[in-house]
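In the working numbering, the protein residues as written are 1108 to 1237.
These notes are about the structure you will find just below.
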């Protein structure tokens, strides 16, 4: 996979970890985009509402961007070409979300977030139809 795709996927999947955290549709539990950040990180009472708000906003933006190009967020084999069309917007969502979280989470929590994102990235890469 080329350098461009790798960068687009990395930022996309950083955002996608939000789906596993924000408690949206029950289908999200079966989604390839779902991360395990929620189970792996311990947030303070002060961090929880802030992080949830950021991730909820990111999730809405992610789902909107995917649907705009015809990708169902709950499709187990998303179309790689459609994802490519949304890559600029997806990268922007990823950068914005990660930047916002980095102001709230400590270094260890951010590492956990990044590890969860890498797991999601690997799972989605395996399932993308090219």
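Glycine residues also receive a C-beta, built at the ideal position from the N, C-alpha and C atoms.
{"query": "For residue 1198 and residue 1237, what's the separation of their Cα atoms in angstroms?", "result": "19 Å"}
{"query": "Who pairs with residue 1186 in a beta bridge, going by DSSP?", "result": "1236"}
{"query": "On the criterion of 16 or more Cβ atoms from any shown chain inside 10 Å, does residue 1151 qualify as buried, or is it exposed?", "result": "exposed"}
{"query": "I want to know whether the stretch 1222-1230 touches the stretch 1180-1194 - three or more CB-CB distances under 8 Å.", "result": "no"}
{"query": "On the premise that residue 1165 lies in contact with residue 1204, defined as a C-beta separation below 8 Å, what is that separation, rounded to the nearest angstrom?", "result": "4 Å"}
{"query": "Identify whether residue 1229 lies in helix, strand or coil by the three-state DSSP scheme.", "result": "helix"}
{"query": "Could you tell me the boundaries of the alpha helix (DSSP H) in which residue 1181 lies?", "result": "Looking at the DSSP string, residue 1181 is not in any alpha helix (DSSP H), and its letter there is neither H nor E."}
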